[in-house]
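**Q** The letter at position 32 of the sequence shown is residue 103 when you use the numbering used here, and the numbering goes up by one with no holes.
After the structure tokens below, expect a handful of questions from me.
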Amino acid sequence: MMREKEFVFLNGEFLPKDEAKISVFDRGFIFGDGIYEVVPVIFGKMVDKEEFWQRFTRSLEAIKLNFPYEKEEFEAILNELTAKNLLKEGGIYMQVTRGVASREFSFVKNLKPTIMAFVFECNVLKNEFEEGVSVISVPDLRWKRRDIKSISLLAQCYAKEQAVLAGAFEAFMIENGKVNEASSASAFIIKNKTLVTKPFSNAILPGIRRQNILKFAGELGLKIEQRAFSMQEVYEADEVFISAATLLLLSVVKADDRLINGGKVGEFVPKLRAKYVEKITAEAQG
72 MMREKEFVFL NGEFLPKDEA KISVFDRGFI FGDGIYEVVP VIFGKMVDKE
122 EFWQRFTRSL EAIKLNFPYE KEEFEAILNE LTAKNLLKEG GIYMQVTRGV
172 ASREFSFVKN LKPTIMAFVF ECNVLKNEFE EGVSVISVPD LRWKRRDIKS
222 ISLLAQCYAK EQAVLAGAFE AFMIENGKVN EASSASAFII KNKTLVTKPF
272 SNAILPGIRR QNILKFAGEL GLKIEQRAFS MQEVYEADEV FISAATLLLL
322 SVVKADDRLI NGGKVGEFVP KLRAKYVEKI TAEAQG
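Right, here's the structure in full:
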């Protein structure tokens with residue numbers, strides 16, 4: 072469970088969360104014209120920092136969004152926010168919108184961007200779902216530039232609500248008969264000691280955990296196939312899992328009410344998760 076902490080960063084100031092305000096004419100509020108990121112925190116330190124920064128800047132550039140901070144300067148702000156909130160384990164959410172303007176559909180130029188960040192507590196290192204989770208399949212209703220980490224998340228919220236109503240943890244979003252990703256996570260299957268995941272494209276968000284997972288899979292002797300897969304392959308997989316910022320990796324043991332691997336967590340997902348915990352622990356303590 073995510074628990075937001077007291078202080079937020081907004082447009083150059085650290086404020087109590089109840090005092091942080093933005094204009095009703097902010098383009099993030101009016102249009103969803105902005106991007107966001109989430110970075111995990113353990114032992115009071117950000118981890119996966121380089122991977123986060125690469126995706127963050129890529130999203131900013133993709134929608135021509137001005138960002139006034141250099142990498143080291145913004146990292147210092149996030150470190151101060153973490154320290155002010157005495158956060159030891161959880162994550163940092165940050166959001167950048169184009170700023171305040173009259174309601175005009177085109178990208179209004181020369182605006183001062185709105186920059187906000189808050190931190191939250193949650194378990195990162197401990198797997199709260201050791202027995203695995205369930206998913207359902209739903210149509211992928213999103214726009215075509217899913218590689219941009221846009222704050223326009225209504226389609227993902229809709230998919231997640233369908234999962235909640237079905238008593239499931241997540242929703243696998245389907246397009247042209249294939250799984251793109253989950254509503255708020257990347258999706259993977261393992262079959263015959265081969266890890267399968269969809270290759271990077273505009274159809275999916277470039278998950279930060281993913282590039283490390285592929286490396287760890289190779290170290291464990293798994294073959295790698297980057298291709299689309301169907302829900303039938305999900306049902307018949309030896310193992311299925313999802314990955315996200317503060318979940319790291321979670322086993323999926325049921326999909327559309329069909330048990331995967333007899334409803335039991337398989338051999339490789341716990342090993343992959345252990346390698347990821349080892350990676351970020353070393354980063355935080357280094």
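Note that the Cβ used here is the ideal one computed from N, Cα and C, for glycine as well.
Predicted, not measured: the structure shown is a model, and the values here were computed from it.
Out of ARG169, GLY83 and ASP89, which has the shortest C-alpha to C-alpha gap to LYS76?
**A** The residue labelled residue 76 in the question sits at position 5 within the sequence shown. Out of ARG169, GLY83 and ASP89, ASP89 has the C-alpha closest to the C-alpha of LYS76.
**Q** Report the rounded CA-to-CA distance for THR153 versus GLN166, giving the unit in angstroms.
**A** In the sequence shown, counting from the first residue as 1, residue 153 sits at position 82. In the sequence shown, counting from the first residue as 1, residue 166 sits at position 95. The straight-line gap from Cα to Cα measures roughly 16 Å.
**Q** Three Cβ pairs or more, each shorter than 8 Å: is that satisfied between the stretch 265-277 and the stretch 322-332?
**A** no
**Q** DSSP three-state call for ALA226: helix, strand or coil?
**A** Along the sequence shown, one-based indexing puts residue 226 at 155. Three-state result, ALA226: helix.
**Q** Which runs of the alpha helix (DSSP H) spanning at least 4 residues fall entirely within the stretch 275-339, listed in chain order?
**A** 279-290 and 302-307
**Q** For a test of the three-state rule: what should DSSP assign to TYR65, helix, strand or coil?
**A** In the structure as shown, the chain starts at 72 and stops at 357, and residue 65 therefore has no counterpart that could be examined.
**Q** Name the two residues that bound the continuous alpha helix (DSSP H) containing LEU45.
**A** Outside the displayed span of the chain (72 to 357) sits residue 45, for which this structure offers no information.
**Q** Give a yes or no on contact between the stretch 216-230 and the stretch 191-206, applying the rule of three or more CB pairs nearer than 8 Å.
**A** no
**Q** What does ASP97 pair with, by DSSP beta-bridge criteria?
**A** Taking the first residue of the sequence shown as 1, we reach residue 97 at position 26. Paired residue(s): VAL171.
**Q** In this structure, does DSSP put VAL112 in helix, strand or coil?
**A** Taking the first residue of the sequence shown as 1, we reach residue 112 at position 41. Reduced to three states, the DSSP call for VAL112 is strand.
**Q** Just mark VAL95 as buried or exposed, buried being the case when its beta carbon has 16 or more other beta carbons within 10 Å.
**A** Counted from its first residue, the sequence shown places residue 95 at position 24. Exposed is the call here.
**Q** If you compare alpha carbons, which of ARG74, ILE113 and LYS231 is closest to GLY357?
**A** In the sequence shown, residue 357 corresponds to position 286, counting from 1. Selected option, being the one with the closest Cα: ILE113.
**Q** With MET72 as the anchor, note down where its beta strand (DSSP E) starts and where it stops.
**A** Counted from its first residue, the sequence shown places residue 72 at position 1. Segment: none, MET72 is in no beta strand (DSSP E) and carries neither H nor E.
**Q** Between GLY99, VAL118, PHE312 and LYS180, which lies nearest to ASN137 when the distance is taken from Cα to Cα?
**A** Here residue 137 corresponds to residue number 66 of the sequence shown, with the count starting at 1. Measuring from the Cα of ASN137, the nearest candidate turns out to be LYS180.
**Q** If you count every other CB in all the chains shown that lies within 10 Å of the CB of SER314, and 16 or more means buried, which is it?
**A** Position 243 of the sequence shown holds residue 314. By the 10 Å Cβ count, SER314 comes out buried.
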